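**Student:** Those letters in the sequence shown? Residues -22 to -1, 1 to 533, per mature numbering (1 follows the signal peptide of the UniProt record, and there is no 0), in order.
Beta carbons: idealized from backbone N, C-alpha and C, even for Gly.
Computed from a predicted model, the values in this text were never measured in an experiment.
Before I ask anything, let me first share the structure, which is written out below as structure tokens.
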Amino acid sequence: MLFTRKAAAVWLSLAFQQVLTAQTPLSSHAPSSFYPESDLGQWNLDEGPAVNATGHLVFETANSLLQHWANTRHRIGHTVVPGTIPVGTILYHGAITGPHLPTTLDWVSVEPDHSTIFCQGPIETGCWHLTLTVTRPMTVLYFDGNSAAKIPEGTMDTQDLLAWSKMKPEWLWNEEQRIRDLCKWGEKYGVNGFVSEIMICNFTSHMEVVSFLNLESIRIGSDRPYLPEDPDSSPIYSRTSVRHVFGLVHSASWRENYPGETRIMLDFSGLVSFYDTALVPSLVPRRVGLDRWDHRVAGISPEDIERVQDRLAQALARPPATTSGIDWKTVLRVVVDRYASRLEFIQHLLNLTLDDGSIFDHAQQIQRQLRTVLLPYTVFAALPPNISVTANATNSWAAPVFRECAASHTASIAYRVTTLTPSERLLLQAVQETTHEICRVVTKMWASGMNFGVDAFYPPAQRPEADHIHTLMGEWKEDVTQLISWLDWNVWVKCRPACGFEDMCYLPTWPFGFPTTRAPLQAQWDGASLWPDPNKGEWKRPQPKCIRRREPYSF
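If you want it as structure tokens, here you go:
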């Protein structure tokens, strides 16, 4: 049966009323709006984030935890998080001396491709490879960044601060002392491991042996070529074949992006960030004018070091039942999923070259993309006071849309802020600051499209002139480019064009492809004489590139 337009309108009205009736609040204490109408003045579409804001940095570092790609790209860690390795997790250890369970502090890996590199012995007798299983939940501390990389530009800073309350660059390679002192610090809190690689404090606690196999040594003639011999490089890696190195790189790529390494469960309610300006105010002036690549923990005050250690101690001592139960990993990821691909596509559309004849239709297409992003927040009352083509129209009428967009992911959590730990309040603020800027920019772009007359839902009396649309497109392009640069999400860092099936996308990763020292490791530690200029080379600011998945390999 065909509906008349009037009958269809009546039917839609009744259906909408039924939906509204069904959507009653689940809590009688929940307000009808988390933000009163009187607060619209704070939702200024022309006011960007403060120059020293760090909420977006806390957001992306937390969103990237345990993901190899992001932590290879920004290797200087700024986050420490308690975690648990669950029962049944399989861990691996490549022994050098023989089939003996380590009696001292030592390392394990979550991938046998990594541990077998350390399983080296004479060709005649092979090597010994230990497989372990976790028998009861193992408490660990996770350091983000490329925290296993032995380079003197800050990858060890957060570990040094916890172990020694100061950075010790002269002890860069003193792994045994570092793990010994970390384990001593963590013993009173029940910590049995530290995750860069997994440094295990006690092999007889939390684990049992699955197997101890005598394997063929990877130092066999058929595996040539080896990595180039270098008197300054690790003797393990210098004796390792390129094939085994690629196996390690390939296995790491399985954990490149979300959800990352799932065999370690992080407790976001205990997260400690050196981007927390209330906890670590001494680092704020040291970041002024620096790109994120150059952010360091060096220069932190003794008072801030003590506060960080106290915050971690409180997190480790806190009973699990005292946290809010919020799944912060998902909260963060939902925001990325909602906006990442859409912003990337809008930027792509704005980068296309257009002539005057097609630019109006193209601008309308982008406006529809912006409207789609804002659809759940475009309240009916949000309309410009006078639909006319004008480049100077104010956007203040769009403030309710901005507010609803920015508050949608966090308003209910903010309403229950008293149940949050200090770490959770930091994460809440990070999500709020991040979504605030995303929604500010997208709403501003959409409102400008309305004002310029390119919104098909509210067409102007006459089509805007081409030069007006070129002006609008230029403003849009600047807005979205600045937003994407500010967010700096690692999900946008990829090989372009995508790699073929016989290739894989790769970021230069320590120690492969990194500069080596200019003098033997036994020489006196002097950063200026041992290492090349840190401002040169792709390892400083790694960029993705395609490498071969089949021989001959190359990095």
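Taking DSSP as the reference, what is the three-state secondary structure of Ile95?
**Tutor:** Correct three-state label for Ile95: helix.
**Student:** Distance, Cα to Cα, Ser229 vs Asp91?
**Tutor:** 7 Å
**Student:** Inspect the beta-carbon positions of His107 and Leu226 and report whether they are closer than 7 Å.
**Tutor:** Contact: no.
**Student:** Keeping to the same chain, check which residues put their C-beta closer than 6 Å to that of Trp454; ignore five residues upstream and five downstream.
**Tutor:** Beyond the five residues adjoining it in sequence on each side, Trp454 comes within less than 6 Å, by CB distance, of Leu328 and Met423 in the same chain, given in chain order.
**Student:** Using 6 Å as the cut-off, classify the Cβ of Ala425 as near or not near the heavy atoms of the ligand FMN, replying yes or no.
**Tutor:** Because no ligand of any kind appears in the structure shown, any question about the ligand FMN cannot be addressed here.
**Student:** Apart from the five residues just before and just after Gly248, which ones in its own chain have a Cβ nearer than 6 Å to its Cβ?
**Tutor:** Pro60, Ala293 and Ser401
**Student:** Name the DSSP beta bridge partners of Leu120, please?
**Tutor:** Looking at the sequence provided, one finds Tyr at residue 120 rather than Leu. The partner list for Tyr120 (beta bridge, DSSP) reads Val59 and Val173.
**Student:** Alpha carbon to alpha carbon, what distance is there between Gly427 and Tyr436?
**Tutor:** 10 Å
**Student:** Could you check whether Val112 and Val65 sit closer than 7 Å to each other, using their CB atoms as the reference points?
**Tutor:** yes
**Student:** On the criterion of 16 or more Cβ atoms from any shown chain inside 10 Å, does Ala28 qualify as buried, or is it exposed?
**Tutor:** exposed
**Student:** Under a Cβ-count criterion, where at least 16 other Cβ atoms within 10 Å of its own Cβ denotes burial, should Gln343 be classed as buried or exposed?
**Tutor:** exposed
**Student:** Using 7 Å as the threshold, is the C-beta distance between Thr421 and Val379 below it?
**Tutor:** yes
**Student:** Does the stretch 84 to 99 come within contact of the stretch 290 to 310, defined as at least 3 CB pairs closer than 8 Å?
**Tutor:** Taking one beta carbon from each stretch, the stretch 84 to 99 and the stretch 290 to 310 have fewer than 3 pairs nearer than 8 Å; the two do not touch.
**Student:** So, is the C-beta of Gln345 closer than 7 Å to a C-beta in chain C?
**Tutor:** Among the chains of the structure shown, chain C does not appear; only one protein chain is present.
**Student:** Could you give the first and the last residue of the continuous beta strand (DSSP E) run that contains Ile344?
**Tutor:** First-last for Ile344: Ile337 to Leu352, but that is the alpha helix (DSSP H), not the beta strand (DSSP E).
**Student:** Ends of the beta strand (DSSP E) at Gly19?
**Tutor:** Element bounds for Gly19: n/a, residue is neither H nor E.
**Student:** Note down, one range per segment and in chain order, each alpha helix (DSSP H) of at least 4 residues found wholly within the stretch 400 to 474.
**Tutor:** The DSSP assignment places complete alpha helix (DSSP H) segments of no fewer than 4 residues inside the stretch 400 to 474 at 400 to 430 and 444 to 465, in order along the chain.
**Student:** With a 10 Å radius around its C-beta and 16 neighbouring C-beta atoms as the bar for buried, classify Val118 as buried or exposed.
**Tutor:** Around the C-beta of Val118, 16 or more other C-beta atoms lie within 10 Å, and the residue is accordingly described as buried.
**Student:** Quick one: is Gln137 buried, meaning 16 or more other Cβ sit within 10 Å of its Cβ, or exposed?
**Tutor:** buried
**Student:** From which residue to which residue does the alpha helix (DSSP H) around Ala256 run?
**Tutor:** Counting along the chain, Ala256 falls outside any alpha helix (DSSP H), and DSSP gives it neither H nor E.
**Student:** Who are the Cβ neighbours of Val458 in its own chain at under 8 Å, not counting the five residues just before and after it?
**Tutor:** Leu321, Ile324, Gln325, Leu328, Val419 and Met423
**Student:** Tell me where the beta strand (DSSP E) around residue 580 begins and ends.
**Tutor:** The structure shown does not extend to residue 580, since the chain spans only -22 to 533, so no value can be given for it.
**Student:** Give a yes or no on contact between the stretch 79 to 87 and the stretch 168 to 181, applying the rule of three or more CB pairs nearer than 8 Å.
**Tutor:** yes
**Student:** DSSP three-state label for Ile526, please.
**Tutor:** The sequence shown places Arg at residue 526, not Ile. The DSSP-derived three-state label of Arg526 is strand.
**Student:** Where does Gly66 sit, in a helix, a strand or coil, going by DSSP?
**Tutor:** coil
**Student:** Between the stretch 444 to 454 and the stretch 330 to 350, are three or more C-beta pairs nearer than 8 Å?
**Tutor:** yes
**Student:** Judging by CA-CA distance, which residue of Gly164, Thr109 and Val250 is the nearest neighbour of Asp122?
**Tutor:** Val250
**Student:** Short check: CB of Ala389 to CB of Phe37, under 7 Å?
**Tutor:** no
**Student:** Considering only residues of the same chain and omitting the five flanking positions on each side of Gly76, which have a CB-CB separation below 7 Å?
**Tutor:** Trp106
**Student:** Do Leu404 and Val159 have their beta-carbon atoms positioned less than 7 Å apart in this structure?
**Tutor:** The residue you asked about is not Val; residue 159 is Asp in the sequence shown. No; because the gap between Cβ atoms is not below 7 Å, this pair is not in contact.
**Student:** Could you pull the DSSP bridge partners for His107 from this structure?
**Tutor:** Gly72 and Leu191
**Student:** Whether or not the stretch 40 to 50 and the stretch 239 to 246 are in contact is what I'm after, with contact meaning three or more pairs of Cβ atoms, one per stretch, closer than 8 Å; do they touch?
**Tutor:** Cβ pair count under 8 Å is three or more, so yes.
**Student:** Since Cys483 is in the beta strand (DSSP E), which residue starts that stretch and which ends it?
**Tutor:** Asp481 to Tyr484
**Student:** Under the DSSP definition of a beta bridge, which residues are partnered with Val250?
**Tutor:** For Val250, the beta-bridge partners assigned by DSSP are Val58.
**Student:** Val173 and Tyr120: beta carbons closer than 7 Å?
**Tutor:** Against a cut-off of 7 Å, the Cβ pair of Tyr120 and Val173 comes out as a contact.
**Student:** State the start and end residues of the unbroken alpha helix (DSSP H) segment that holds Asp282.
**Tutor:** Pro280 to Ala295
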